[in-house]
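Asker: What follows is a structure written as C-alpha cells; I'll ask about it next.
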Amino acid sequence: FAGDPTYDKFCAMCHATGAANAPKVGDAAAWGPRAAQGIDTLLATSKTGKGAMPPKGTCMACTDAELKAAIEYMVNNSK
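Per this note's numbering, the sequence shown runs over residues -16 to 62.
Written out as C-alpha cells, the structure is:
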C-alpha cells in the first residue's frame, strides 16, 4: 500500500498542522523517538489511540496494512 492516500484522508488533519499536539510530518525531532520504537509499536498505538488521537485516527475501516503504510509515510517524511 502507498501510505499517502490514507494519510491525506485521515491523518493530515492533525499531523499536518500539529492539532491536539500531534507530531507534525516533517518534524524529525518529534518523529525520531517515535520511529525508534519500531513500526509494530507505532501500529499498536495507532490502533488503540493516544492522547487526543482516537483509535485508528478516525479510520475505523482501515486495515493494519493501510495504517502501517500511513505511519511509514509519516515517519519517512520526517527524517
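Here a beta-carbon is modelled for each residue, glycine too, at the ideal position from N, C-alpha and C.
#1: Can you tell me whether ALA53 is buried or exposed? The criterion is at least 16 other CB atoms within 10 Å of its CB, across all chains shown.
#2: Quick test of your reading: GLU49 and THR(-11), contact by CB under 8 angstroms. State the CB separation rounded to the nearest angstrom.
#3: Can you name, in chain order, every residue of its own chain whose Cβ lies under 6 angstroms from the Cβ of GLY(-14), other than the five neighbours on each side?
#4: Can you grab the Cα-Cα spacing for the pair PHE(-7) / GLN20, in whole Å?
Answerer: Reading from the atomic positions:
#1: buried
#2: Taking 8 angstroms as the upper bound for CB-CB distance, GLU49 and THR(-11) are in contact here, some 5 angstroms apart.
#3: These residues qualify, in order along the chain: ALA52, ALA53, GLU55 and TYR56.
#4: Cα to Cα, PHE(-7) sits roughly 22 angstroms from GLN20.
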